[in-house]
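As structure tokens, the structure follows; a few thoughts come after it.
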Amino acid sequence: MSKVLVTGGAGFIGSHIVDRFRLAGCEVAVLDDLSSGRRENLPSGVVLHQMDVRSEDAAKKLVSFAPDLVVHAAAQISVRRSMDEPLVDAEINVCGVANLLSSASQLPTKPYFIFISTGGAIYGDQDTFPAAENHAIKPVSLYGLNKYVGELYFDFWNRTSGIPFGVLRLANVYGPRQNPHGEAGVVAIFCELLKQGKVPTIYGSGEQTRDFIYVTDVVDAVEALAKQRKHGTFNIGTGKESSVLEIFRGLSAEFKSSSEPKFEHGRAGEQQRSVIDPSHARNVLSWSPATSLEQGLHKTAQWYSEI
Numbered sequence: 010m011s012k013v014l015v016t017g018g019a020g021f022i023g024s025h026i027v028d029r030f031r032l033a034g035c036e037v038a039v040l041d042d043l044s045s046g047r048r049e050n051l052p053s054g055v056v057l058h059q060m061d062v063r064s065e066d067a068a069k070k071l072v073s074f075a076p077d078l079v080v081h082a083a084a085q086i087s088v089r090r091s092m093d094e095p096l097v098d099a100e101i102n103v104c105g106v107a108n109l110l111s112s113a114s115q116l117p118t119k120p121y122f123i124f125i126s127t128g129g130a131i132y133g134d135q136d137t138f139p140a141a142e143n144h145a146i147k148p149v150s151l152y153g154l155n156k157y158v159g160e161l162y163f164d165f166w167n168r169t170s171g172i173p174f175g176v177l178r179l180a181n182v183y184g185p186r187q188n189p190h191g192e193a194g195v196v197a198i199f200c201e202l203l204k205q206g207k208v209p210t211i212y213g214s215g216e217q218t219r220d221f222i223y224v225t226d227v228v229d230a231v232e233a234l235a236k237q238r239k240h241g242t243f244n245i246g247t248g249k250e251s252s253v254l255e256i257f258r259g260l261s262a263e264f265k266s267s268s269e270p271k272f273e274h275g276r277a278g279e280q281q282r283s284v285i286d287p288s289h290a291r292n293v294l295s296w297s298p299a300t301s302l303e304q305g306l307h308k309t310a311q312w313y314s315e316i
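Heads up, the sequence shown is in this note's numbering, so the first residue is 10 and it goes up one at a time.
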């Protein structure tokens, strides 16, 4: 049985990853400070270590658990917070990575790492659509910059200590368990408001596009990379652009709402188009998304309706 450590494992994406490895019969441990994750997201039989990824305790736990696989999903994910509190973002998204890699380098048998990174935030204002992995790196937020710096740390420790790793650059992930509060994804926010009979606000024209990918398709990619243990960087998205208005209309139909959205001025610096090319993951990992946007919105709306 494989030993798997998932950082951020009580969060939205992390908890779905935990579910998958637990279902596969792995011994799974979770490292999460519960600043945004929830204990109730975790299945029975999973040990939760409530720790900050920057802490000495987290470094020691990685060494004592000695996992075969580490999925590093813990992160500060708010673009806005990264600009308002740049040191906090760097401490979590860069120093947290360095802390784990430094401790892993002490192990005689190095675990394979999967680093959960970002697609749209790293590529920034795109030159080509969809963006492949070799697209210019030009983030427009410190969140995107620090996730890329995290990737460079993985490359450094691979070259100097032989720690094997793969990077998954995710598109806009949505699905059950996503927190609709704070700077959450638009799908979660719309679901929460429409469920309550409230009218969502759209900032800008609503024609701005994103690449929306359902959370279990992301987990499929994590599982494929974990099995094959490839070295490389892979975009995990659909390669299709969907507008915010399309999301609103699809979810309005799910919640049987006839209300029109409110429109406010667009947010400064917001990307108008973002979509990533998943061809490399399809060719190397034999992975492709299995959930259409219509199916994913239906499943997500159903989950929010039942909680």
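Beta carbons: idealized from backbone N, C-alpha and C, even for Gly.
- Taken through DSSP and simplified to helix, strand or coil, PHE138 comes out as coil.
- DSSP, read as helix, strand or coil, puts HIS144 in coil.
- Burial check for LEU234: the Cβ neighbour count within 10 Å reaches 16 or more, so the residue is buried.
- For the pair SER266 and PHE257, the Cα-to-Cα distance works out to about 10 Å.
- For secondary structure counted as the alpha helix (DSSP H) over 4 or more consecutive residues, the segment 151–198 holds these complete runs in sequence order: 151–170.
- Taking 8 Å as the cut-off, the Cβ atoms of GLU250 and ASP220 count as close.
- For SER251, the secondary structure class from DSSP, reduced to helix, strand or coil, is strand.
- In terms of Cβ geometry, PRO173 and HIS240 form a close pair [threshold 8 Å].
- In this structure, DSSP gives THR300 a state outside helix and strand, which the three-state scheme calls coil.
- Assigned with DSSP and collapsed to three states, VAL39 falls in strand.
- The way I'd put it, the segment 38–51 does touch the segment 12–25; three or more beta-carbon pairs between them come closer than 8 Å.
- Straight-line spacing of the CA atoms in PHE30 and PHE138 works out to 34 Å.
- Boundaries of the beta strand (DSSP E) harbouring PHE243: 241–245, taken from the DSSP string.
- Taking a contact to require three or more Cβ pairs closer than 8 Å, the segment 65–84 and the segment 118–135 qualify as touching.
- Annotation: the continuous alpha helix (DSSP H) that includes SER111 extends over 105–113.
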